[in-house]
Every structure is written in structure tokens, then in C-alpha cells.
Amino acid sequence: ELKNNKNINQLGIHFHRKTQNVSEWNLKEELEDSIKDFSSIDLINIGGGIPAEYKNFRKEVKNHIFNKIRELKTFLNEKNIKMIIEPGRSIAAPSIKLECEVINVYDNNVIVNASIYNSAMDTFVAHIRLLAENEVEIGHCYTIKGFTPDSLDIFRYKVYFDKELKVGDKITFLNAGAYNYSSNYFNLDKVETEIVL
Numbered sequence: 045e046l047k048n049n050k051n052i053n054q055l056g057i058h059f060h061r062k063t064q065n066v067s068e069w070n071l072k073e074e075l076e077d078s079i080k081d082f083s084s085i086d087l088i089n090i091g092g093g094i095p096a097e098y099k100n101f102r103k104e105v106k107n108h109i110f111n112k113i114r115e116l117k118t119f120l121n122e123k124n125i126k127m128i129i130e131p132g133r134s135i136a137a138p139s140i141k142l143e144c145e146v147i148n149v150y151d152n153n154v155i156v157n158a159s160i161y162n163s164a165m166d167t168f169v170a171h172i173r174l175l176a177e178n179e180v181e182i183g184h185c186y187t188i189k190g191f192t193p194d195s196l197d198i199f200r201y202k203v204y205f206d207k208e209l210k211v212g213d214k215i216t217f218l219n220a221g222a223y224n225y226s227s228n229y230f231n232l233d234k235v236e237t238e239i240v241l
């Protein structure tokens, strides 16, 4: 019915599973189960969801995801349907680093001059743990905590560095650019942003 409307040039479907999608990629099968006749559809926008790399992300998953996307693209090409995909987090995350300064060290705990509340809310929202620049597999082990009194203000529970950290050292978190919104919980200042070209 919509396809025959003279005011509609193209008809499409848009859906978006979730951010940092590591598991829900059987899109071809689900579209086949949901749509009886593809002849009225000109385009399908599958949204984003391509994951970025974080500490709690397995890199091997990306190959599977891209294989499933290619499978869907081939299927849609055969039906002359244009596929649209949004890179989202996978392109936004690597564009920003979060640089923190160590303000206290005690009992293998490092306190930095930032909080997950004003710089890394996705720690809660999407259960993401940022990678730390120069972290190693074996070395000096630390829990990196934010500077609020909240016991949940933890950037990482276990990070290894090849040197002992001391007050004044910098810790840089990688892939901090995706959806880096903040709250004013604890009346925290907004994080200063510096653009480096």
C-alpha cells in the first residue's frame, strides 16, 4: 500500500539492535523469518552495533560479525535491496583518549583525578572496561578508582603496568570516545576536552 503512494520514492526498514553488539547478528535469518515478500523494500538500515575494543571484549568476535554482515549484504543484493549500516561506536570510540593523573596510590589501588561519573558512564550503562595505554599481561597490578567516595567508581579492577605507579603519573584510557556522556553526580566538574590534530 505504501509503495503505491505517489509521495513515497523509496520504502525501507530501519532497526538498531544495541550498542556494542557482540552476539545478535543473525540478521539474514531473522529478516527471512519476518518478511514474506521483499519486493516492496528498497533499502534496509541495520543501524550500528559494531563493537569497539575494550578490556572485556574478545577480538575474535569481530570476524564472525563481519561475516554475518557480508552474508546479509549478499542476500540483500540478490533482492536488489540497498543495505545501510552505521559505524557508531566502532568508529567513535578510538577517536578519544581519556588522560587521568594519579592522585593517590595505596595497597595496589590507584586513585585518579576523574570519575566514571564524569567521564566513563558506559562502565555502568554498557558494562564496558576501557583499555589502559601501556598495560601489560604481567607486572605491577592495580585497581584504578575514580576520586569520588562511591565504591562503584572503578575504572578497572585489575590492570598490570611494567612499572610502579606514583602520584603525578598519567594513565591514559583508550577507546573512550563513544557515548562519553557524564552526570553531575557528586557535583563533579565536566572533563576538559583538548582537540589534538
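Each residue of the sequence shown is one higher than the last, beginning at 45 in my numbering.
Idealized CB from N, CA, C, for every residue including glycine.
Given the structure is predicted, the values throughout are model-derived calculations rather than measurements.
Query, Result
"Have a look at Phe82 and Thr63 and give me their C-alpha separation to the nearest angstrom.", "27 Å"
"Excluding the 5 residues preceding and the 5 following Asn152 in the sequence, name in chain order all residues of the same chain whose CB lies nearer than 7 Å to its CB.", "Cys185, Tyr186 and Thr187"
"Quick check on the DSSP output: what are the complete beta strand (DSSP E) runs of length 3 or more inside the region 59-118, in order along the chain?", "87-89"
"Report the residue from Phe199, Lys123, Ile113 and Met127 whose alpha carbon sits nearest the alpha carbon of Ile155.", "Phe199"
"In chain order, what residues of the same chain lie with their CB nearer than 6 Å to the CB of Glu236, ignoring the 5 residues before and after it?", "none"
"Where in the region 140-215 do unbroken runs of the alpha helix (DSSP H), each at least 4 residues long, occur, reported from the N-terminal end onward?", "160-163 and 166-169"
"Measure the CB-CB distance between Val169 and Lys210 and report whether it falls below 8 Å.", "no"
"Which residues in the same chain as Pro138 place their Cβ atom closer than 6 Å to its Cβ, once the five residues preceding and following it in sequence are excluded?", "Asn219"
"Give me the residue from Asn70, Asn65 and Ile85 with the minimum Cα distance to Tyr98.", "Asn65"
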